[in-house]
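Chemist: Numbering (the UniProt record's numbering), first residue to last: 1 to 601.
Have a look at the structure that comes next, please.
Below, the structure written as structure tokens:
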């Protein structure tokens, strides 16, 4: 074997000598290396200087040799007509390439034509993919993209929306496989518009579905003689509660959603999975199909679940509950404010007076409302807007009536042992000094008091709601929008119609599963609001507003900015005082992590 041509790790070599079971190989660069026989492949008995430039092989002969196993010499003679060191090396390269042949120990197997075509097709696809990947990488390095890049951009988008953990191309361009990093890239190249809200998809929030519904016909109490008012925002067209007064009786009428969505139905499961409406700046994702909303919203003559009660200044008395037919007048907060100022609606004026009395009662029982600023965030026709929420007599009237309804039905369900999801809040850690001035707090005092509140919770037990100043409270006025309200309606209707109710243990199970859905509701709603606040500031770079110092943290002052519902920390050499006001202007907006830096003007 001395002076033979062999292949070692894809390189040609000459056998110089042998030493026991080792062979000394010499390579083209004159280097030598000792290896065992099993580590190299014998190519030709006579070594000559060879190259990788090979003559054209006659592949037509392979038609007759498909699926045969031949020696290297035999296949070389078929392809090149002669067997010498150069042609043998060229055959070796072809076998190593693997398209037409592959090694079977020291023999060569000739692939069938179909297999050759399959291997070639795979190679062509891999080549095309590599070229496509290189094209996309080059484009992304220039912060551009084109139609050819779409498959890779969709992979990146799936990472950005938390629907996939990795996109191969991100590793190629040195970008972390994380939702934030992927989203930042897609914003940078303008594949995602700044107005695109990624958070519903990132949390896998179910979208609306169109499902037709039937409205069961049942016997109802006719209350159409009552003047019933559904008071809402200007742009609302799906009222779910209305109020009336009849002598000493107060009425709260609520859309009878449970008549269409009974406990355990497919629609009930649908609603449980969502937990609540998602009120996003750009859209609403509904807890129930919009067909249910259209069928149950209060407008004109409507079906309702009506609660009737009397309030003597302290106690709720003479509670009645019935499935009813009501005649609703739809109006707005602004319109009702005008009526109340002009004293032109006797019914609403009476309800307002009762509501004020009930508020005084709750205040005497320890109710605390910190009156912290709140804003409405909207995205309409390409423009983000942030509008501070303002209180008004009509809004206070409606809010107090809803609290009264919740108190009334908590009393009714508790007295009748109806298993429902009560809202509760343990007593907060407030000093006597704080409680003495709770109705005249500064903004900083209200902000710092937040930490003294206990977290609200949901339970099958009718326990204290400290913030509302009530011994028990139940959310009952929004069954189209909140699942716990719907569940309560289902239980109440089953009780008043002598049908089986869900057990306490089953209601507990539902609370557990719905709380998970509601956790996502809160996360997505908060992130979406923050996103569009950032977009608003990007669209209004010269925006300024008043910031109020609500806390001092080291050498930084924490500001609350009521006009936009945001907080910011600013470093000072000479710290300002609590509740001091300063004009602030945006200095930097980061849409990816939804953060904003402000500076003092």
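The beta carbon of each residue, even a glycine, is placed where N, CA and C say it ideally should be.
Bear in mind the structure is a predicted one, so any value in this text is a computation, not a measurement.
1. By Cβ distance below 8 Å, which residues in the same chain neighbour residue 499 in space, the five residues on each side in sequence not counted?
2. List the DSSP bridge partners of residue 103.
3. What ranges does the beta strand (DSSP E) occupy inside the region 15–57, keeping only unbroken runs of at least 3 residues that lie completely in it?
4. Going by beta carbon distance, what residues of the same chain come within less than 7 Å of residue 65, once the five residues before and after it are set aside?
5. Decide if residue 530 is buried, meaning its Cβ has at least 16 other Cβ atoms within 10 Å, or exposed.
6. Between the Cα of residue 325 and the Cα atoms of 381, 489, 220, 345, which residue gives the shortest distance?
7. Going by CA-CA distance only, name the one from 533, 156, 19 that's closest to residue 378.
8. Would you check if there are 3 or more beta carbon pairs closer than 8 Å linking the region 380–394 to the region 459–467?
9. Mind listing, in chain order, the continuous beta strand (DSSP E) runs of no fewer than 3 residues lying wholly within the region 511–593?
10. What residues in its chain sit with their C-beta under 8 Å from that of residue 135, if we drop five residues either side in the sequence?
11. Spatial neighbours of residue 202 within its chain, please: CB distance less than 7 Å, with the 5 preceding and 5 following residues excluded, ordered by chain position.
12. Thinking C-alpha only, which one of 341, 81, 13, 275 is nearest residue 638?
13. Note down, in chain order, each residue of its chain lying with its Cβ closer than 7 Å to the Cβ of residue 222, except the 5 sequence neighbours on either side.
14. Quick one: is residue 55 buried, meaning 16 or more other Cβ sit within 10 Å of its Cβ, or exposed?
15. Report the residue ranges of all beta strand (DSSP E) runs contained in full by the region 233–263; include only those spanning at least 3 residues, in chain order.
16. Please list, in chain order, all residues of the same chain as residue 102 whose beta carbon is under 6 Å from its beta carbon, the five residues on each side excluded.
17. Given a cut-off of 7 Å, decide if residue 333 and residue 407 are closer than it, judged by their beta-carbon atoms.
18. What does DSSP give as the partner residues of residue 230 in its beta bridges?
19. For residue 419, which three-state DSSP category applies?
20. Taking 7 Å as the threshold (C-beta atoms), are residue 245 and residue 331 in contact?
21. Can you give me the Cβ contacts of residue 627 inside the same chain, cut-off strictly under 7 Å, excluding the 5 residues immediately before and after it?
22. Could you please give the first and the last residue of the uninterrupted beta strand (DSSP E) stretch that includes residue 173?
23. Could you give the DSSP three-state label for residue 285: helix, strand or coil?
24. Do the region 350–358 and the region 239–254 meet, that is, are 3 or more Cβ pairs less than 8 Å apart?
25. Would you check if there are 3 or more beta carbon pairs closer than 8 Å linking the region 197–214 to the region 297–308?
26. Are three or more beta carbon pairs between the region 478–486 and the region 583–592 nearer than 8 Å?
27. Under 7 Å Cβ to Cβ from residue 185, same chain only, skipping five residues before and after it: list those, please.
28. Please list, in chain order, all residues of the same chain as residue 7 whose beta carbon is under 6 Å from its beta carbon, the five residues on each side excluded.
29. Thinking C-beta only, is residue 226 closer than 7 Å to residue 489?
30. If you draw a straight line from the C-alpha of residue 210 to the C-alpha of residue 164, how long is it?
31. So, under 8 Å CB-CB, residue 183 and residue 145 are touching, yes? Tell me the CB distance rounded to an integer number of Å.
32. Evaluate the contact criterion for the region 368–375 versus the region 270–286: three or more CB pairs, one atom per stretch, below 8 Å.
33. If residue 295 sits next to residue 260, beta carbons under 8 Å apart, how far is it from one beta carbon to the other, in whole angstroms?
34. Since residue 475 is in the alpha helix (DSSP H), which residue starts that stretch and which ends it?
35. Reducing DSSP to helix, strand and coil, say where residue 393 ends up.
36. Please go through the same chain and pick out, in chain order, the residues whose beta-carbon is closer than 7 Å to the beta-carbon of residue 212, but skip the five residues on each side of it.
Modeler: The answer reads as follows:
1. 493
2. According to DSSP, residue 103 bridges with 108.
3. 22–27, 32–36, 41–44
4. 78, 110
5. buried
6. The shortest Cα separation from residue 325 among 381, 489, 220, 345 belongs to 220.
7. 533
8. no
9. 544–553, 556–561, 566–571, 581–590
10. 148, 149
11. 161, 162, 179
12. The structure shown does not extend to residue 638, since the chain spans only 1 to 601, so no value can be given for it.
13. Around residue 222: 325.
14. exposed
15. Contiguous beta strand (DSSP E) elements confined to the region 233–263 occur at 241–246, 249–255, taking only those with 3 or more residues.
16. 109
17. no
18. 330, per the DSSP bridge assignment.
19. coil
20. no
21. Residue 627 is absent from the structure shown; the chain starts at 1 and stops at 601.
22. From DSSP, residue 173 is part of no beta strand (DSSP E); its letter is neither H nor E.
23. strand
24. yes
25. Verdict: no, contact absent.
26. Counting Cβ pairs under 8 Å, fewer than three are found: no touch.
27. 156, 175
28. Closer than 6 Å at Cβ, skipping near neighbours: 41, 43, 92.
29. Taking 7 Å as the Cβ cut-off, residue 489 and residue 226 do not qualify as a contacting pair.
30. 28 Å
31. The pair is not a contact, with the Cβ atoms about 15 Å apart (cut-off 8 Å).
32. no
33. Indeed they touch by this definition, with Cβ atoms about 6 Å apart.
34. Unbroken run through residue 475: none, as it is neither H nor E.
35. helix
36. 291
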